[in-house]
Amino acid sequence: GVFGVLSIPFVLVSSVGILLKEQYVPNFAYKQVYQKFIDASKATFTTLKCGDVWRPCLYMYLSFALSLNIHEGMFYWITDPKAGPALSEESVGLMFSFGSIGSLLGLLLYQKVLKDYPYRGVLFWAQLLHGIIGMLDLILVLRLNLKLGVPDKYFVVLDEIVSKCTGRIKRMPLLVISSKLCPPGIEGTFFALLMSIDNFGSLTSSWGGGLLLHVLNDPVEVY
48 GVFGVLSIPF VLVSSVGILL KEQYVPNFAY KQVYQKFIDA SKATFTTLKC
98 GDVWRPCLYM YLSFALSLNI HEGMFYWITD PKAGPALSEE SVGLMFSFGS
148 IGSLLGLLLY QKVLKDYPYR GVLFWAQLLH GIIGMLDLIL VLRLNLKLGV
198 PDKYFVVLDE IVSKCTGRIK RMPLLVISSK LCPPGIEGTF FALLMSIDNF
248 GSLTSSWGGG LLLHVLNDPV EVY
């Protein structure tokens, strides 16, 4: 059922790869490819030495790495019938669906309202708001939402929408800045490097969140 549907894109891509006819290039100049690789590497390192480049790269990494990610632990908790609210599969699916809508809203909000504002101000307020919204998880864990009369399934949907929206607003200026940092001739290579820094920051955030749960003696086995 579900796995069959998920396999459709893989089958389509595999079919295109098999049926696509590529033109054979005789006497391909491999030395030229090697020289282009060397030139691109030198240009990349030269660009990274520039303060106007490595400072945004460092900020991009730290902005994600220092926002500790405990989503895996929270997901286990909200579906646990013993310790958590024990949300159903439908509620979890609804949460992620509305989270995607929240991400789209953040994109539209940046495009229509915030794109003409200075990057410094947008990044500052987006980072600050994203940190404050992270406290919604604490409200859910302490079950304060029930005292406010908000059921768990509605609160997690609200949390997902707002967090995804602010996360997208925080990410959009960084993507725009990344595209403007790329020097001519190695745009694709350098942008891929910047996105690797972005992803490494997110990965560090997940590692840090897992380590925090472990230090607090709060692994998933406790739930």
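Residue numbers (our numbering): 48 to 270. Built from N, CA and C at the ideal position, the CB exists for glycine as well.
Beta carbon of residue i nearer than 8 Å to that of residue j
i: G146; j: I186; result: no
i: I224; j: Y166; result: yes
i: G18; j: K211; result: Residue 18 is absent from the structure shown; the chain starts at 48 and stops at 270.
i: L112; j: S252; result: Residue identity differs from the one stated: residue 112 is Ala in this sequence, not Leu. Yes.
i: R102; j: G153; result: no
i: L240; j: T126; result: no
i: L161; j: T213; result: no
i: Q158; j: S110; result: no
Per-residue burial, residue i [other beta carbons within 10 Å of its own, 16 or more giving buried]
i: L228; result: buried
i: D99; result: exposed
i: K217; result: buried
i: G51; result: exposed
i: V169; result: buried
i: H118; result: exposed
i: F143; result: exposed
i: V269; result: Because V269 carries a pLDDT of 47, less than 50, the predicted location of this residue cannot be relied on, and no value is offered for it.
i: S114; result: buried
i: F237; result: buried
i: W124; result: buried
i: S88; result: exposed
i: N264; result: exposed
i: N74; result: exposed
For residue i, the nearest candidate out of the options (CA to CA)
i: I233; options: D86, G64 and L189; result: D86
i: L260; options: F111, V100 and N116; result: N116
i: L151; options: M219, L59, E69 and P73; result: M219
i: P231; options: F84, T94 and S62; result: T94
i: S249; options: F171, M107 and E136; result: M107
i: L141; options: G196, L176 and D206; result: D206
i: L2; options: L189, L221 and F122; result: Nothing about residue 2 can be reported from this structure: the residues present for the chain run from 48 to 270 only.
i: L258; options: G120, V58 and G235; result: G120
i: S138; options: N192, K89, Q79 and P198; result: P198
i: V31; options: F122, E136, L67 and S88; result: Nothing can be reported for residue 31, as the shown portion of the chain is limited to 48 through 270.
Does the stretch 120 to 135 touch the stretch 186 to 203, meaning 3 or more C-beta pairs lie closer than 8 Å? yes
Return the chain-ordered ranges of every alpha helix (DSSP H) run that is complete within the stretch 143 to 230 and spans a minimum of 4 residues. 166 to 180, 182 to 188, 191 to 194 and 199 to 228
Quick one: any contact between the stretch 245 to 252 and the stretch 173 to 193, if contact means 3 or more CB pairs under 8 Å? no
Contained alpha helix (DSSP H) runs [length at least 4] in the stretch 75 to 117, N- to C-terminal order: 77 to 95 and 98 to 112
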